[in-house]
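Chains as they are written, first to last, in full-length UniProt numbering: chain A, 1 to 217; chain B, 1 to 355; chain C, 1 to 823.
Idealized CB from N, CA, C, for every residue including glycine.
Fair warning: this is a prediction, and the values are worked out from it, not measured in the lab.
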Amino acid sequence: MLEVRDVFKSYATPQGLLPVLQGVDLTLGAGGSLALMGESGSGKSTLLHLIAGLDKVDSGSIRSGKHRLESMNEAQLANWRRTEIGLVFQQFNLIGSLRVEDNLAFQARLAGRHDSRWQAHLVQRLGLGDLLTRYPEQLSGGQQQRVALGRALASQPKLLLADEPTGSLDEATSDDVLRLLLELLDDTPTTLLMVTHSQRVAARLAQRVVLSNGRLA
Amino acid sequence: MRINGVVLMLALLLAGCDQPAPEDKGFAGMGDQAQSYTPVVPGRVFSFPADHGAHDGFRIEWWYITANLKDQQGNDFGVQWTLFRSALKPVAEQGGWGNQTIWLGHAAVTSRTVHHAAERYARGGVGQAGVRLAPFEAWIDDWMFASQAQDPLSEMQLSARDKQFSYQLRLTSSRPLVLQGDKGFSQKSEEGQASYYYSQPFFQASGTLQIDGQTYTVSGPAWLDREWSSQPLTANQTGWDWFSLHLDSGEHVMLYRMRQKDGAPYVTGTWIAADGQIQTLRSEQISLVPQDTAKVADRSMPVKWTIRIPDKHLDIAVDALNRNAWMDLRIPYWEGPVHISGSHPGQGYLEMTGY
Amino acid sequence: MRVWRQTLRALLSHWRRHPVQFFSVLTGLWLATSLLTGVEALNSQARDSYARASQMIGGEPQASLSTPNGALFPQRWFIELRREGWPVSPVLQGRLTLKGHEDQRVQLMGIEPVSLPADSAVAGQAMAIERIVEFFTPPGNTWISPETLRLLGLREGDTPPTVGGHRLPPLLVQKDMAPGLLLVDIGVAQALLEQPEQLSRLLLPKEFHQALPASFKDRLQLKSSGEENNLARLTESFHLNLDALGFLSFVVGLFIVHAAIGLALEQRRGLLRTLRACGVSARMLVACLVVELGVLALIGGLFGVISGYWLASVLLPDVAASLRGLYGAEVAGQLRLSPVWWFSGIGLSLLGALLAGANSLLRAARLPLLAVADPQAWHQQYTRWLRRQGWLATGLLVIALAALIWGNSLSSGFVLMAGLLLGAALALPVLLSALLTPLLGRSRSVLGQWFLADCRQQLPALSLALMALLLALAANIGAGSMTAGFRQTFNDWLGQRLSAELYINPTNPAQAREMHRWLKQQPNVTAVLPNWEVSVTLQGWPADVFGIIDHPHYRQHWPLLDNSGGDPWGKLATDDAVMLSEQLARRLKLKAGDHLSIATPNGTWSPRIVGIYADYGNPKGHVLISSDHLLRGWPQLTPNRFNLRIDPAQIPALLTALQTRFELDDSRIIDQARLKGWSVQVFERTFAATAALNSLTLAVAGVALFISLLTQSQSRLGQLAPLWALGVTRKQLMLLNLGQTWLLAVLTLLLALPLGIALAWCLDAVINVQAFGWRLPLRVFPLQLLQLMGLALLATLLASAWPLYSLYRTQPADLLRTFAHED
C-alpha cells in the first residue's frame, strides 16, 4: 500500500545543511497499522509530512498504488492530501470559524466524498452527538482530538497519518482516543501510520519501527 | 530759557535719521551739532510782530506760557501751555505732507493736591498745528493761544483741554516785551551756545479752570517765554533748573542753572524791575542752593531751594506748591508752581529737567 | 533600575521580531498627528495673519470713521475734527499694482504715524520715535512683510515702480506686517494712489466715546472696534471645517494605532506572564508598557509634526487663495509656526497613543498570572462584542437625531455629523455580520461556507480598518456631493444673477452723476441700472445695502427663494420694503413678512421684508431697497455702479466712447464673462484644499486597511495551514483570502453610499446653513460616486496586494511550522 524507498531529506539552517532523513526505507501493507518511533529530532514528523505530501523528498521515492509523490506538482500533492490522506495532528488543527459539524464534514466535502450515513456513524462512535453545533474552542482537548479523528476518517482515506495524536492529552483521555481510533479503523480498509514516542501507545499497533540517525533501525 | 524735555524727543528724531547713535549729546540731545541750521549770533535786531511767528532755518522754537492762579477762595493753581516747533530739516515751511516740521503741545494744571499733564503731536504743513500772524494764533488740535486784538500780545485767549482738565484763560498786558540776555541774545554756556529769547512776564490772566469735573474761576499773573535756537546746549550739559518768579514787590526774576557733567554749573539770570528795566545777573551774583529733595517718579527732585542775590538784597526760599508736579509724558520732567517766602515773597514757576 | 532595564529590553525585543507591527504603530501615530497638526498649522497661520491685519494699526482693533458708502473724503475733514478736539488719525488705503507684478494684488495703506492714537502699535509694535521720523522723512520707507517681499521677488531697499509711473519708497521688512499689505506714509500713499488730499478712514483711540459733531453727522459714520475686525468671525466656519477634517484623520489614525498595539499585546501575552512569573510587578510591567508607548508616540509625533508642517506648506497656497476669494482675507504664503505648535503636535501624539493604547494597558494590568483556558469561545466574545458595538452605535445615532431635531448652531451641526459618522462606523460590523450570517446558512459549497464563516471571524480584527474606510469614503462622498452640488447651484445662480452685459464703476461722485446722464443718452444701451451702495451694520452684522431702480430686468433675473406674496418687486418699488439675502435673513432670524430695522443718519427706518434671495459666497449681508428710500436715508450718495444691458456686439463701440469720455481704467469696467470667470475661479480654489484633504483621508483609510491586513496576515497562517494540509492549494487560499477582503470592502463601500449621501444632506441643509447661512439643495452625482467607489476599490486592492503577495510567497515549510511540535 505504501512504499518508501531510500528517502533523503535535509533542511537548510543558519548553521548549514541539516540532514534529517538519510535513506529511509519503509513498507506498509493495506489495512495495517504502524507506529513510527524515535527520539526528539529523529525525523519522525518529517517522514510523516513527506508521506502526507506536505513536503517533498530530496531524493528517493514514496509510492502508494499508482501515486508517486516525488514526481507530483503542488496541485497534485494537494489532491493527494484531499482524497487519499487523513491527517491528525498533535495540536488538532481544527478550523476555528466552523462548527464541529462542519469541521467533521470539511475534508469529505472537499474530496467530494461526503457520506452522511458514514458521518452519522462516526459522530455516534466518537460520541460527538451533543457537540455538533459547538465551535472547536468550546471543546476540551480530548473532544477536539475526537473531532479531528472524525474529520480525517469522514473522507474515508486510504491512509491515515497521525502525528502524536495523543501528545497533548492526559493518559486516560489518550487511551480513550486511541481505543476509538483503533476500533474505527477496524471497520475500514484504512491504513494507519502513527508517529508517537509513547511505548504504551505503540504497543497497541500492529507494527513498530524506530527512526534513529535518519534511518529506520 | 526753557529747553524742555520734550525737545529731547525732537532732537532724538534728528539723531535717528542723521547720525548713528545719539551719544554724548547732553540733555535732550540738544548739544547735537547744528549742522546747516541757522546759527544764533549776537546783534540780531528783533522785529515784531514778525518775530512772534515761526522762524525758518532754526531747529527748535517754542511758545511757552505759565500762570500762577488763585480762585475766589484763595486756593492756588498753576497752569502751563507750551507749543514746540521742531524742524527736522533746515528748510522753509512748506504746505502738505512733505513739510518737515513736527509740532508738540504740552499742557498741565497743578493744584496743591493734583497735577495733570497732557501732550499733543502733529506734523506741520496740513493745518493740524502751526503759528499764524495777523491775527496771531498758535495752535495744535483744539489747544490754542490766540490774539483777540490788533496788538498781537495785548489781549490773548489761551485754552487747552484733556480728559481730566481744561482751561480757558484771557491774558492781558500793556507792558512792553522783555528781551533777555544781550538784547535777546541769551547765552547758555561758556562755549557760546545760545538762543534768541524774549519774554512777556507782565501778563494778567483770568478765566476758568476745570480739574476732575470741578470748575474754578481763577486769576493771577502769567508769563510768556519765546525762544528759538539751533544748538542751545553743549554736549556735556545734562539738564537744568529754571525759575520764573513774580515778586509781590512788582519785580520779576528769571534764573537758570545749566548742570554740567564736569565742573560747575552755568548760572545766569535777569532782574526785571517793576518798570520793565532789565539787568543781566552773572553767575557770581547768584547763590542757588537746593534745600530739600522729594521722591517723585522714582527720582530725587530738589523741590525746595534758597536763592540769594546780595546785590538786590534778595534772600528767599522757593518751595513747590505740589511736589508731585511731574510731567509724565513721553519725555518726562518736573514743572510746577512755587511759593516764595523770605525777603521778597511771591510766586512763580520752576522747571527741572535731566534728573 | 536593573529590573526596569531587563523588563524593557524583553518587551522591546518583540518589535525587533515584528517590524511590521512596529511600523504600524508609528504609521498610525504619524498619520494621526500629521494631518491634524497640518490643519492646525493652516488655521493658526490664517489666524495669525488676521491678527496681524487687525494689529496693523493699534494693539487692538480700533474704532474708525468713514463715509457711509466707503467713498474717499477730503483731508480737510481730518483737520476740522482735530481742531474740534477729536483725536483722529488719517488713513488712505487702496489697491496698488506694481509694474511687472500686474497679476499680484497688493494693498497700499498710508498712515500718519505722528497723530496715531497713543496706544497704537503699528505692525504689532509700538513705533519708536526714530522709526516714525525715518518713516515720513524723504525718501521714507515702505513697510512690507517678509512673505510679500519674497512673493514679489523683491529685495529690501528696492524702490519698485507702480503702473502709474511712481516709485515706492525703499522697502523695509517688518516681520509682523500683514501679508499683502504695503505700509507707507499718508503723503506717499496720496501720491502713489493719485488721490491728493483724500482719505479713506479716520482712526480713533479705542477708549474714545463721543458723539460726532453735528456738521459730520451724515458725512461720516463711526465703526466701533468689533465691526472693523470681522475677518476672524467671518472665517470661523471655514476653519471649523478644516478642523473637522483634521480631527477625522486623527480618529482614523488612532484606529490604526489601537489595532496595532492591541495585537502586540495579544502576541506578548506569554511574555508578560513569564515576566510576571519572574518577579516583575504588574505595576512595573504597565509602567514599562507606558514608557514604550510614550517612546513610540514621541517618534511618531515627531514624524507627524514634520510631515504636518510639510503638508501645511503644500496646502497653504490653496487655503490662502480660498480665504482671499471668499473673505478678502490675506494670509501669508509662508508658514510661521511657534514652538508651541511643535510641542502641541507631539503632545497630541502622546495623548492619542495613550488613548489608543489605554484598552491594551488596562488588559495588561489585569492579566492573570496563570494562563487559564479562555472560558469564552470566540463566537461568544464575538456576540458580546457585536452587541456592545450595536448599543454604542444606537446611542450615538440617538444623539445625532437629537442634535438634528433640537440643535440650532454650528456646533450642534457638527455633533450631528460626528454622531452620524461614528454611530454608522460602530454599526458597520453589526451590519456586516447581519449580512454574512444568512449567507452562511445558504452556502452549499464547503469552501464557500468556510469563506463566509472565516470572513465573519475576521470581522473583529478588520473592523477598525473597515470603519476607517467607511468614514473616509462617506466623508468623501458627502463633501464631494456637497461641493459638486454647490458648484452647480452656484453656476446656475451666477448665470441668472450676472445677466447684465457690462458693469461700470465711476471714479467719483461727480463722474457718477455725469456718467448716469451720458449713459441714458446712449441709444445702444437697452437699460441702465444704477446701483447706490451703503455699508451698514444690522444687529452687529456687516451688510451692504443696495439701492436699485424699479425695472423689469430684476423681475426676470433676480430669483427669489421666498417672498411675502403678491408682487414683491412692485412692493419694493413703492412700499416701505426691503429684500434680504438668505444668509442675512438666517443670521437675523427673519423671514419674508417680518420687519427689519436699519439705522440711517436720519433715524431708524423699519421696512417690511418682501423677498429673500440667494447670495452665495458673500460673507457680508446683502440688502436691496428702492433707490428712493436709500436716497431719503443717505441723500448725499451717488451711484457707485451702473449695470448695463446692451447688445454684446455694441460693447466695443460703447467702451471706446466711455474711455474717451471718462478716462476710466480697466479695473472700472467689467464685462459679464470676466466677472463670471472670476467668481467661478474663486469658487474652485475655495474647495481645492478641502478636496486635497479629502483624498488624504481616503489614503489614510487605505493605509489603515493595509496595516490591519498585514498585521493579521501573520496570525492568518495558523488558520490557513490546516486547510492547506487538508488539500486546498495555496493559489486557492490566496484567491479565497483576496475574495474575503474584497467582499468586506465592497460591502463597506455599499454601506458608505447611503451614509455619504446622508452626510451630504447634513452638509447642505445643516452645516452650510449654520456656517454660511445658505441652504443648498441635495444633489447626487452618480458618476462622481462611481469614480469614488472605483478609487476606494483601488485603495483596497493596493492595501491587500502586499499581504496577499507575501501569503503567496509563503513556502510549504512556513505552513508546516504550524504543525511542528519538534525539530
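Are the beta-carbon atoms of residue 399(B) and isoleucine 102(B) separated by less than 8 Å? The structure shown does not extend to residue 399(B), since chain B is modelled only from 1 through 355, so no value can be given for it.
Between the region 113-144 of chain B and chain C, which residues of the former have CB atoms less than 7 Å from a CB of the latter, in chain order? Under the 7 Å Cβ criterion, the region 113-144 of chain B contributes Tyr121, Ala122, Arg123, Val126, Gly127, Gln128, Asp141 and Asp142.
Cβ-Cβ distance between glycine 570(C) and leucine 778(C) below 8 Å: Taking the first residue of the third sequence as position 1, residue 570(C) is located at position 570. Taking the first residue of the third sequence as position 1, residue 778(C) is located at position 778. It is not a contact, given that the beta carbons lie outside the stated cut-off.
Please compile the residues from chain E whose C-beta is within a distance smaller than 9 Å of the C-beta of asparagine 213(A). Note that chain E does not occur in the displayed structure, where the protein chains are A, B and C.
Are there 16 or more other CB atoms within 10 angstroms of the CB of arginine 82(C), so buried, or fewer, so exposed? Taking the third sequence and counting its residues from 1, one reaches residue 82(C) at position 82. With a threshold of 16 other beta carbon atoms within 10 Å, arginine 82(C) meets it and is buried.
Could you work out which residues of chain A lie near leucine 816(C), taking near to mean beta carbons separated by less than 8 Å? Counted from its first residue, the third sequence places residue 816(C) at position 816. Within chain A, the residues near leucine 816(C) are His49, Leu54 and Asp55.
Just the Cα atoms here: how many angstroms apart are phenylalanine 243(B) and glutamate 112(C)? One-based indexing of the second sequence puts residue 243(B) at position 243. One-based indexing of the third sequence puts residue 112(C) at position 112. Across the structure, phenylalanine 243(B) and glutamate 112(C) are spaced so that their CA atoms are roughly 37 Å apart.
Burial state of glutamate 171(A) (16 or more Cβ within 10 Å): Residue mapping note: residue 171(A) aligns to position 171 of the first sequence, counting from 1. Under this definition glutamate 171(A) is an exposed residue.
Close Cβ partners of arginine 299(B) (< 6 Å) along its chain, the five nearest in sequence each way excluded: Against the second sequence, residue 299(B) aligns to sequence position 299. The answer, listed in chain order, is Tyr355.
Where does methionine 72(A) sit, in a helix, a strand or coil, going by DSSP? Position 72 of the first sequence, counting from 1, holds the residue named residue 72(A). Secondary structure of methionine 72(A) (DSSP, three-state): coil.
Using the Cα positions of tyrosine 309(C) and valine 25(C), report the straight-line distance between them to the nearest angstrom. If you number the third sequence from 1, residue 309(C) lands on position 309. If you number the third sequence from 1, residue 25(C) lands on position 25. Straight through space, the alpha carbons of valine 25(C) and tyrosine 309(C) are spaced by roughly 21 Å.
C-alpha distance - valine 45(B) paired with alanine 63(C), whole-angstrom precision: Position 45 of the second sequence, counted from the first residue, corresponds to residue 45(B). Position 63 of the third sequence, counted from the first residue, corresponds to residue 63(C). Valine 45(B) and alanine 63(C) have their C-alpha atoms some 51 Å from each other.
Given that a residue counts as buried once 16 or more other Cβ atoms are within 10 Å of its Cβ, and exposed if not, what is isoleucine 129(C)? Locating residue 129(C) in the third sequence gives position 129, counting from the first residue. By the 10 Å Cβ count, isoleucine 129(C) comes out buried.
Determine the extent of the alpha helix (DSSP H) in which arginine 83(C) is found, giving its start and end residues. Numbered from 1 along the third sequence, position 83 holds the residue referred to as residue 83(C). Taken as a continuous stretch (DSSP letters only), the alpha helix (DSSP H) holding arginine 83(C) covers 76-83.
Burial state of valine 314(C), where buried means 16 or more other Cβ atoms lie within 10 Å: By one-based count along the third sequence, residue 314(C) stands at place 314. Valine 314(C) is exposed by the Cβ-count criterion.
Keeping to the same chain, check which residues put their C-beta closer than 6 Å to that of glycine 112(A); ignore five residues upstream and five downstream. Translated into the one-based positions of the first sequence, residue 112(A) becomes position 112. Within the same chain, glycine 112(A) has no close Cβ partners at all.
Simplified DSSP state of histidine 18(C), which is helix, strand or coil: The residue given as residue 18(C) occupies position 18 in the third sequence. Looking at histidine 18(C) - three-state DSSP - the assignment turns out to be coil, as it is neither helix nor strand.
Starting from aspartate 241(B) and walking both ways along the beta strand (DSSP E), at which residues does that stretch end? Here residue 241(B) refers to the residue found at position 241 when the second sequence is read from its first residue. Per DSSP, aspartate 241(B) belongs to the beta strand (DSSP E) from 237-247.
Counting only Cβ-Cβ distances shorter than 8 Å, please list the residues of the region 448-473 of chain C near chain A, keeping chain order. Along the region 448-473 of chain C, the positions whose C-beta sits under 8 Å from a C-beta of chain A are Gln449, Trp450, Ala453, Asp454, Arg456 and Gln457, read in chain order.
Excluding sequence positions up to five away, which residues of its chain have a Cβ less than 6 Å from the Cβ of serine 412(C)? Taking the first residue of the third sequence as position 1, residue 412(C) is located at position 412. Result list for serine 412(C): Ala403, in chain order.
Report the CB separation of glycine 31(A) from threonine 191(A) in whole angstroms; it is logged as a contact under 8 Å. As a first step, residue 31(A) must be located in the first sequence, where it is residue number 31. As a first step, residue 191(A) must be located in the first sequence, where it is residue number 191. That belief holds up - the Cβ atoms of glycine 31(A) and threonine 191(A) are roughly 6 Å apart, short of 8 Å.
For a contact meaning CB atoms closer than 8 Å, what does valine 114(C) contact in chain B? Stepping through the third sequence from its first residue, residue 114(C) is reached at position 114. Identification of chain B residues near valine 114(C) by a Cβ-Cβ cut-off of 8 Å yields Ile102, Tyr121, Ala122 and Arg123, ordered along the chain.
Roughly how many angstroms lie between the CA atoms of leucine 386(C) and glycine 167(A), to the nearest whole one? The residue given as residue 386(C) occupies position 386 in the third sequence. The residue given as residue 167(A) occupies position 167 in the first sequence. Each residue's Cα considered, the two are about 37 Å apart.
Applying a beta-carbon distance threshold of less than 7 Å, which residues of chain A neighbour proline 438(C)? Reading the third sequence from its first residue, position 438 is the one you call residue 438(C). Within chain A, no residue comes near proline 438(C); the closest Cβ sits about 16 Å away, beyond 7 Å.
Determine the direct distance from the alpha carbon of tryptophan 724(C) to that of leucine 807(C), and round the result to whole angstroms. Locating residue 807(C) in the third sequence gives position 807, where the first residue counts as 1. Locating residue 724(C) in the third sequence gives position 724, where the first residue counts as 1. Those two C-alpha atoms are separated by around 12 Å.
So that I know if they touch, is there some Cβ in chain C lying closer than 8 Å to that of isoleucine 95(A)? Taking the first sequence and counting its residues from 1, the one referred to as residue 95(A) is at position 95. So, interface residue.
Based on Cα-Cα distance, which residue from Gly53(B), Gln164(B), Lys70(B) and Trp139(B) lies nearest to glutamine 157(B)? On the second sequence, residue 157(B) is found 157 positions in, with the first residue counted as 1. The shortest C-alpha separation from glutamine 157(B) is found at Trp139(B).
Which residues of chain B have a Cβ atom closer than 7 Å to the Cβ of arginine 83(C), listed in chain order? Numbered from 1 along the third sequence, position 83 holds the residue referred to as residue 83(C). Neighbours of arginine 83(C) on chain B, chain order: Asp141 and Asp142.
Residues of chain B with CB under 8 Å from glutamine 75(C), in chain order? For the purposes of this step, residue 75(C) is taken as residue 75 along the third sequence, with counting starting at 1. Here the neighbours are Val126.
Grab me the residues of leucine 392(C)'s own chain with a C-beta within less than 6 Å of its C-beta, minus the 5 sequence neighbours each way, in chain order. For the purposes of this step, residue 392(C) is taken as residue 392 along the third sequence, with counting starting at 1. Here the set comprises Leu426.
Please list the segments of the beta strand (DSSP E) lying wholly inside the region 617-654 of chain C, counting only runs of 3 or more residues, in order along the chain. 621-626 and 641-646
Quick one: residues in its chain with C-beta nearer than 6 Å to the C-beta of lysine 158(A), no 5 flanking neighbours on either side, listed in chain order? Stepping through the first sequence from its first residue, residue 158(A) is reached at position 158. Correct list, in chain order: Glu84.
Is it right to say tryptophan 305(B) is buried, meaning 16 or more other beta carbons lie within 10 angstroms of its own, or is it exposed? Residue 305(B) sits at position 305 when you count from the first residue of the second sequence. The residue in question, tryptophan 305(B), is buried, as its Cβ has 16 or more Cβ neighbours within 10 Å.
How is the beta strand (DSSP E) around isoleucine 85(A) delimited, first residue to last? For this step, residue 85(A) is matched to residue 85 along the first sequence. Looking at the DSSP string, the run of the beta strand (DSSP E) that includes isoleucine 85(A) is 85-88.
Quick test of the definition: if touching needs 3 or more C-beta pairs under 8 Å, does the region 115-126 of chain A touch the region 43-57 of chain A? no
Using a Cβ-Cβ cut-off of less than 9 Å, list which residues of the UniProt domain "ABC3 transporter permease C-terminal" (695-812) of chain C approach chain A; keep chain order. Gly718, Gln719, Ala721, Pro722, Leu723, Trp724, Ala725, Leu726, Gly727, Val728, Thr729, Arg730, Lys731, Gln732 and Pro812
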